[in-house]
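283 is the number of the first residue of the sequence shown in the numbering used here; add one for each residue after it.
In what follows, a structure is listed as structure tokens, so that the remarks can point back to it.
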Amino acid sequence: MFVYLDNAATTRQMPQVTEKMIAMMDASFGNPSSLHKMGMEAESAVKKARRAVAASIGAQEEEIFFTGGGTEADNTAIYAAAGRSGKRGGHIITTAVEHPAVLEACRRAESSGCKLTILPVDGLGKVSLEALEDALTENTVLVSAMHVNNELGTVEPVEEMGKLIKAKSQALFHVDAIQSYGKLSWSPAALSADLVALSAHKIHGPKGIGAIYVKKGLHPEAFLVGGGQEKGFRSGTENVPAIAGFGVAAEILKEDLAARAAAMSKVRQYLMEGILSEIPDVRLNSPKEIYGQGEGTHLSSPAVLNMSFMGCRGEVLLHMLEQSEIYVSTGSACSSHKKGSHVLTAAGLSPEAIQGAIRFSFSASNTIQEMDYVLDRLEKAVTSMRRLGKRMG
Numbered sequence: 283m284f285v286y287l288d289n290a291a292t293t294r295q296m297p298q299v300t301e302k303m304i305a306m307m308d309a310s311f312g313n314p315s316s317l318h319k320m321g322m323e324a325e326s327a328v329k330k331a332r333r334a335v336a337a338s339i340g341a342q343e344e345e346i347f348f349t350g351g352g353t354e355a356d357n358t359a360i361y362a363a364a365g366r367s368g369k370r371g372g373h374i375i376t377t378a379v380e381h382p383a384v385l386e387a388c389r390r391a392e393s394s395g396c397k398l399t400i401l402p403v404d405g406l407g408k409v410s411l412e413a414l415e416d417a418l419t420e421n422t423v424l425v426s427a428m429h430v431n432n433e434l435g436t437v438e439p440v441e442e443m444g445k446l447i448k449a450k451s452q453a454l455f456h457v458d459a460i461q462s463y464g465k466l467s468w469s470p471a472a473l474s475a476d477l478v479a480l481s482a483h484k485i486h487g488p489k490g491i492g493a494i495y496v497k498k499g500l501h502p503e504a505f506l507v508g509g510g511q512e513k514g515f516r517s518g519t520e521n522v523p524a525i526a527g528f529g530v531a532a533e534i535l536k537e538d539l540a541a542r543a544a545a546m547s548k549v550r551q552y553l554m555e556g557i558l559s560e561i562p563d564v565r566l567n568s569p570k571e572i573y574g575q576g577e578g579t580h581l582s583s584p585a586v587l588n589m590s591f592m593g594c595r596g597e598v599l600l601h602m603l604e605q606s607e608i609y610v611s612t613g614s615a616c617s618s619h620k621k622g623s624h625v626l627t628a629a630g631l632s633p634e635a636i637q638g639a640i641r642f643s644f645s646a647s648n649t650i651q652e653m654d655y656v657l658d659r660l661e662k663a664v665t666s667m668r669r670l671g672k673r674m675g
């Protein structure tokens with residue numbers, strides 16, 4: 283049995299997306315800037331996709347700009363906001379558990395003269411509103427925070443953060459919504475967000491295409507300059523096949539968001555309860571309750587479950603499961619070649635717990651039958667590894 287549980291890293295592209303992309307590459311391959319019929323067809327496809335992405339988050343068409351992916355969207359938001367201050371020394375606030383696309387961009391802005399505050403998190407990776415309020419100053423130009431943590435699944439209090447930022451400062455609010463897009467119901471207005479980053483390949487769309495929401499009325503500095511595409515905000519010939527594919531994925535996710543979230547919640551809960559009941563000495567790192575179903579102060583995305591198998595090495599466990607065609611991860615795919623997890627470290631996990639951490643991330647196509655198979659192979663792998671460890675110890 284093949285079981286793919288690394289959907290937070292990337293998702294399987296939908297057949298409808300592939301079909302649309304092939305059609306755009308084969309028959310409608312014109313440049314959207316060309317004035318002839320084929321150029322106009324390509325331009326029409328881009329406009330249709332823009333409308334679909336905008337509709338999927340409750341935004342206006344003119345507020346969506348396509349990028350080369352989620353990383354570019356995050357970078358664009360941060361550099362544009364940092365430059366908007368019009369002076370050196372603007373203050374940026376972010377959190378200790380952000381994706382490297384945000385953290386590294388913020389650090390680069392700091393090296394260019396901005397002041398940077400990195401907010402700590404609690405044991406489940408959640409940022410404190412009190413810490414944010416204390417950090418805000420009259421010089422704060424940007425607050426950047428993710429909606430859903432990509433390693434723990436923790437839903438950050440971005441709605442409350444947005445209200446606080448608007449009440450206490452003149453700062454822009456950037457939300458990295460890459461892991462909440464297609465899993466939770468939200469809109470930029472509900473989050474009081476000025477800038478929002480999206481990625482297509484997390485919602486069964488193509489890789490190499492993303493989008494940034496820019497609130498109407500804002501005119502941040504362009505990140506990429508040149509031919510003036512995307513109304514001058516992001517130059518470069520548009521990747522029409524990927525944009526069209528993104529639009530198809532956005533249309534589909536908007537139609538069945540609630541059903542998809544419910545399906546993911548069901549398999550996440552089943553796997554979590556199975557692991558806790560069948561495998562001893564396991565640490566649950568993600569919030570137990572699922573957003574939309576629980577009422578606690580800490581809630582998780584239905585798509586992510588992070589657990590530590592004490593006495594095991596997560597990377598070895600990953601490869602043991604791979605032999606049974608079960609695909610999981612030890613954390614963010616973008617940080618997989620780095621030592622340790624900055625997210626789990628920031629959450630205060632012990633070195634042993636970090637070393638034994640596995641992230642399971644779900645799609646709506648995962649089934650209970652698959653979870654039974656995972657539980658069986660996982661229990662055998664953990665038992666085998668612990669026995670080996672005792673012999674070698």
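Glycine included, every Cβ here is placed at the ideal spot set by N, Cα and C.
Mind checking which residues open and close the beta strand (DSSP E) that includes residue i?
i, result
"Lys397", "Lys397 to Leu401"
"Gly492", "Gly492 to Val496"
"Val457", "Leu454 to Asp458"
"Val586", "Val586 to Phe591"
"Leu480", "Leu477 to Ser481"
"Val610", "Run containing Val610: none; DSSP gives neither H nor E here."
"Leu473", "First-last for Leu473: Pro470 to Leu473, but that is the alpha helix (DSSP H), not the beta strand (DSSP E)."
"Leu566", "Val564 to Leu566"
Taking the beta carbon of residue i as the centre, do at least 16 other beta carbons fall within 10 Å, making it buried, or is it exposed?
i, result
"Ser618", "The pLDDT assigned to Ser618 is 47, lower than 50, so where the model puts this residue is not dependable, and the model offers no usable value."
"Ile650", "exposed"
"Ala472", "exposed"
"Asp226", "Limits of the chain in this structure are 283 at one end and 675 at the other, which puts residue 226 out of reach."
"Gly435", "buried"
"Phe642", "buried"
"Gly638", "buried"
"Ser474", "buried"
"Arg498", "Checking the displayed sequence, the identity of residue 498 turns out to be Lys instead of Arg. Exposed, by the Cβ-count rule."
"Thr353", "buried"
"Met283", "exposed"
"His429", "buried"
"Ser582", "buried"
"Pro569", "buried"
"Ala524", "buried"
"Gly527", "buried"
"Leu500", "exposed"
"Leu670", "exposed"
"Thr293", "buried"
"Ser681", "This structure gives no information on residue 681, because the portion of the chain shown stretches from 283 to 675."
"Thr422", "buried"
Could you have a look at residue i and say whether DSSP puts it in helix, strand or coil?
i, result
"Met283", "coil"
"Arg294", "coil"
"Thr419", "coil"
"Tyr463", "coil"
"Asp658", "helix"
"Asn227", "Any property of residue 227 remains undetermined from this structure, which presents the chain solely from 283 to 675."
"Thr349", "strand"
"Thr665", "helix"
"Asp404", "coil"
"Ile650", "helix"
"Arg595", "coil"
"Phe311", "coil"
"Ser326", "helix"
"Ser617", "The predicted position of Ser617 is uncertain, since its pLDDT is 48 and thus under 50; a value taken from the coordinates is nonetheless stated next. The answer is helix: DSSP assigns Ser617 an H, G or I state."
"Ala341", "coil"
"Ala427", "strand"
"Phe505", "coil"
"Ile485", "coil"
"Phe642", "strand"
"Asp288", "strand"
Measure how close the beta-carbons of residue i and residue j come, nearest whole angstrom, since I'm counting them as under 8 Å.
i, j, result
"Ala290", "Gln551", "So it is not a contact: roughly 17 Å between Cβ atoms."
"Val379", "Ala635", "Incorrect: roughly 16 Å between the Cβ atoms, too far for contact."
"Leu424", "Leu401", "In fact, because the Cβ distance is near 13 Å, the residues do not count as touching under 8 Å."
"Glu343", "Arg333", "5 Å"
"Thr399", "Ile375", "5 Å"
"Glu661", "Ile561", "5 Å"
"Met653", "Val564", "That belief does not hold up - the Cβ atoms of Met653 and Val564 are roughly 15 Å apart, past 8 Å."
Which residue marks the beginning of the alpha helix (DSSP H) containing residue i, and which one marks its end?
i, result
"Met443", "Val440 to Lys450"
"Ser271", "With the chain represented from 283 up to 675, any question about residue 271 goes unanswered, as that position is not in the structure."
"Tyr552", "Leu539 to Glu560"
"Thr377", "Element bounds for Thr377: not the alpha helix (DSSP H) but the beta strand (DSSP E), His373 to Thr377."
"Ile636", "Pro633 to Gln637"
"His624", "His624 to Ala628"
So does residue i have its beta carbon nearer than 6 Å to some heavy atom of the ligand ZN?
i, result
"Ser393", "Of ligands this structure carries none, so the ligand ZN is not represented either."
Segment contact, 8 Å Cβ cut-off, at least three pairs: the segment 325–332 with the segment 353–361: no
Segment contact, 8 Å Cβ cut-off, at least three pairs: the segment 530–550 with the segment 377–397: Touching, no, given that fewer than three Cβ pairs across the two stretches are closer than 8 Å.
Inter-stretch contact (C-beta, 8 Å, three-pair minimum) for the segment 435–448 and the segment 577–594: yes
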